[in-house]
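Let me begin by presenting the structure, written as structure tokens, before commenting on it.
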Ligand code: GRF
């Protein structure tokens with residue numbers, strides 16, 4: 003059994019989708035979710051839909067800055083993950099850079115989903131930037147997390163078309179649907195042991 007934690011900052015549609023799909027993968031258990039913002043509705047939603055999952059809202063501490071702040075925040079996250087026996091972390095819209103504390107504890111065991119065909123459009127607002135550049139296709143990438151921003155080795159990548167009639171909203175929606183389809187491939191790989 004591989005024990006998995008999710009980390010999310012926003013609306014959490016990927017996190018929710020992964021939890022909904024996890025039942026298809028008997029060797030994987032998503033039993034912990036870390037949320038790092040007050041604005042994310044995930045704790046309330048998961049409390050109702052998945053009461054067996056431990057959801058922790060862990061915010062960075064005020065007063066600290068830069069690397070000190072990241073280290074202190076990640077140390078508290080790591081305490082929870084250690085207590086839960088977490089083996090893999092799946093970032094699902096987690097909007098902070100992962101620092102040395104978590105990277106060192108989970109070497110090659112943190113996966114991120116990024117809304118572009120990396121190495122194109124790393125960083126934030128990738129759908130919008132690609133759309134505004136007039137791309138004819140974009141995509142979704144699942145990659146291992148390293149110390150860079152969206153630079154780690156690619157595990158899965160798939161493209162989707164941009165049509166001339168697309169609005170930005172329609173383009174993003176097509177991308178999100180691909181995200182929900184693609185991210186469970188990590189559960190499949192963990193389930194079969196092929197990610198190790
Ligand atoms: C997704 O577009 C994901 O690719 C990116 O952050 C967004 C999170 O969306 N890393 P959601 O909160 O899962 O809906």
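In my numbering, the protein residues as written are 3 to 198.
From the three backbone atoms N, C-alpha and C, an ideal C-beta is built for every residue, glycine too.
Task: Cα-Cα separation between residue 78 and residue 136, rounded to whole angstroms - done: 42 Å
Open item on the list: Looking at the strands, I want to know which residues DSSP matches up with residue 159.
Closed with: 143
Task: Cβ distance (whole Å) where residue 130 is taken to contact residue 101 below 8 Å - done: In fact, because the Cβ distance is near 27 Å, the residues do not count as touching under 8 Å.
Open item on the list: Would residue 94 and residue 16 qualify as a contact pair, given that the criterion is a beta-carbon distance under 8 Å?
Closed with: yes
Open item on the list: Quick check: what's the CA-CA separation for residue 3 versus residue 113?
Closed with: 18 Å
TODO: Would you check if the distance between the CB atom of residue 148 and the CB atom of residue 141 is smaller than 8 Å?
DONE: no
TODO: Identify which residue in 138, 171, 185, 165 has its Cα closest to the Cα of residue 144.
DONE: 185
TODO: Look up residue 34 in the DSSP assignment and say whether it is helix, strand or coil.
DONE: strand
Open item on the list: Just to confirm before moving on: does the CB-CB distance between residue 61 and residue 38 stay below 8 Å?
Closed with: yes
Task: Test item: CB-CB of residue 189 and residue 20 under 8 Å - done: yes
Open item on the list: Quick check on the burial criterion: 16 or more other C-beta atoms within 10 angstroms. Buried or exposed for residue 169?
Closed with: exposed
- [ ] Answer yes or no: do residue 48 and residue 32 have a C-beta to C-beta separation smaller than 8 Å?
- [x] no
Task: Extent of the continuous alpha helix (DSSP H) run through residue 94 - done: Neither: residue 94 is in no alpha helix (DSSP H) and is coded neither H nor E.
Open item on the list: Along the chain, where does the alpha helix (DSSP H) containing residue 193 start, and where does it finish?
Closed with: 186–194
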